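Numbering (our numbering), first residue to last: 1 to 289.
C-beta atoms are modelled at their ideal positions from N, C-alpha and C, and glycine is treated no differently.
Computed from a predicted model, the values in this text were never measured in an experiment.
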């Protein structure tokens, strides 16, 4: 089943956020139906920096490639603002699609962009972003590669302007709409009243962000088709890592932390080391005869 077909079902699609092949693999093993490659999470983990536009197109492309090499799930990719103008957007679509992306999320922020739940954002003109959506649709090699139109305008121009922008992006050809950071249940309900049944709608759950937290079942009941939890894994890992390092430095040992970590064999089981070694033996000189 393609991602487009899955989004056509009534049940909501939940995509955990991932940032590398290990998190993607574990999400797949946990039963996820799709994953969301978060640009913010790449910035957090690769650079130890905030989501303020520091991640480049090539760095995201490299991450898509290693994810695709390891997992079979659909990969929805945070493509920021396309890393430039409409021509940059087209190159981004072509490269990400070749690397294995099944959907690209494009936003209407200026460069450099920043996390949708940070203050101080700015947006490009509606006409410029609509052109980027059209360019993205024209550049994709497959109609099954989805283009998600995102607007960050609520915090910049107000709620009504953001909804109008979403309408323009839908008209430009967006396959799904993502109105980022609604600040109340009333705003969420108004988004649904405008677009529900016309196009799949995407929700973003950020713990401590600007949007009220609603679980997947609640979002499904409201009428959302797709929900991401983009940075939750990094927040969980960061909290665990802080405790782990504090314990190790304080005690000089991991013994007190053993019940919160895999041992050597446990991690190798997760990543499939026994199967990989067995596969390698098939190509040994003696074993291959």
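Between the C-alpha atoms of residue i and residue j, what's the straight-line distance to the nearest angstrom?
| i | j | result |
| --- | --- | --- |
| residue 50 | residue 162 | 25 Å |
| residue 132 | residue 117 | 23 Å |
| residue 183 | residue 230 | 18 Å |
| residue 206 | residue 250 | 32 Å |
| residue 275 | residue 256 | 31 Å |
| residue 288 | residue 281 | Bear in mind that a pLDDT of 48 at residue 288, under 50, signals an unreliable position, so the number given afterwards is only what the model happens to contain. If you take the alpha carbons of residue 288 and residue 281, they lie about 8 Å apart. |
| residue 157 | residue 62 | 34 Å |
| residue 266 | residue 273 | 10 Å |
| residue 27 | residue 136 | 28 Å |
| residue 4 | residue 219 | 19 Å |
| residue 76 | residue 84 | 20 Å |
| residue 166 | residue 128 | 13 Å |
| residue 104 | residue 191 | 21 Å |
| residue 34 | residue 284 | 36 Å |
| residue 201 | residue 148 | 9 Å |
| residue 150 | residue 29 | 29 Å |
| residue 96 | residue 67 | 12 Å |
| residue 209 | residue 152 | 14 Å |
| residue 91 | residue 248 | 46 Å |
| residue 73 | residue 1 | 11 Å |
| residue 176 | residue 185 | 20 Å |
| residue 21 | residue 268 | 14 Å |
| residue 246 | residue 236 | 16 Å |
| residue 174 | residue 232 | 27 Å |
| residue 86 | residue 119 | 26 Å |
| residue 254 | residue 264 | 13 Å |
| residue 154 | residue 262 | 43 Å |
| residue 252 | residue 31 | 37 Å |
| residue 46 | residue 277 | 29 Å |
Which same chain residues, not among the five before or five after residue i, have their C-beta less than 7 Å away from its C-beta?
| i | result |
| --- | --- |
| residue 39 | 51, 55, 60, 78, 80 |
| residue 13 | 6, 7, 33, 34, 225, 226 |
| residue 279 | none |
| residue 42 | 19, 55, 59, 60, 63 |
| residue 9 | none |
Pull up the DSSP beta-bridge partners for residue i, would you.
| i | result |
| --- | --- |
| residue 240 | Beta-bridge pairing links residue 240 to no other residue. |
| residue 107 | 150 |
| residue 203 | 227 |
| residue 17 | 36 |
| residue 276 | Per DSSP, none; premise fails for residue 276. |
| residue 267 | Residue 267 pairs with nothing; no bridge assigned. |
| residue 179 | 151 |
| residue 76 | 36, 103 |
| residue 123 | 109 |
Comparing alpha-carbon positions, which option in the options lies nearest residue i?
| i | options | result |
| --- | --- | --- |
| residue 107 | 156, 99, 178 | 178 |
| residue 145 | 100, 236, 121 | 100 |
| residue 53 | 86, 174, 112 | 112 |
| residue 198 | 223, 186, 93 | 223 |
| residue 18 | 58, 71, 82 | 71 |
| residue 57 | 48, 88, 196, 73 | 88 |
| residue 270 | 150, 32, 217, 23 | 23 |
| residue 69 | 98, 248, 12, 268 | 98 |
| residue 159 | 170, 187, 176, 172 | 187 |
| residue 48 | 238, 64, 126, 171 | 238 |
| residue 64 | 25, 31, 2 | 25 |
| residue 16 | 10, 36, 2, 31 | 36 |
| residue 102 | 41, 154, 142 | 142 |
| residue 11 | 243, 216, 277, 263 | 216 |
Among residues of its own chain, excluding the 5 on either side of residue i, which ones have a beta-carbon nearer than 8 Å to its beta-carbon?
| i | result |
| --- | --- |
| residue 204 | 116, 178, 180, 181, 211, 227, 228, 230 |
| residue 122 | 109, 110, 156 |
| residue 189 | 222 |
| residue 170 | 149, 177, 195, 198, 199 |
What whole-angstrom Cβ distance do residue i and residue j have, given they're in contact under 8 Å?
| i | j | result |
| --- | --- | --- |
| residue 93 | residue 134 | 12 Å between Cβ atoms; not a contact. |
| residue 126 | residue 168 | 5 Å |
| residue 44 | residue 234 | 5 Å |
| residue 240 | residue 260 | 7 Å |
| residue 172 | residue 130 | 4 Å |
Tell me, please, whether the CB atom of residue i is closer than 8 Å to any CB atom in chain C?
| i | result |
| --- | --- |
| residue 30 | Here chain C cannot be found, since the structure has a single protein chain. |
Short of 6 Å in beta carbon distance, which residues of its chain neighbour residue i, apart from the five on each side in sequence? Order them along the chain.
| i | result |
| --- | --- |
| residue 82 | 88, 89, 92, 106, 132 |
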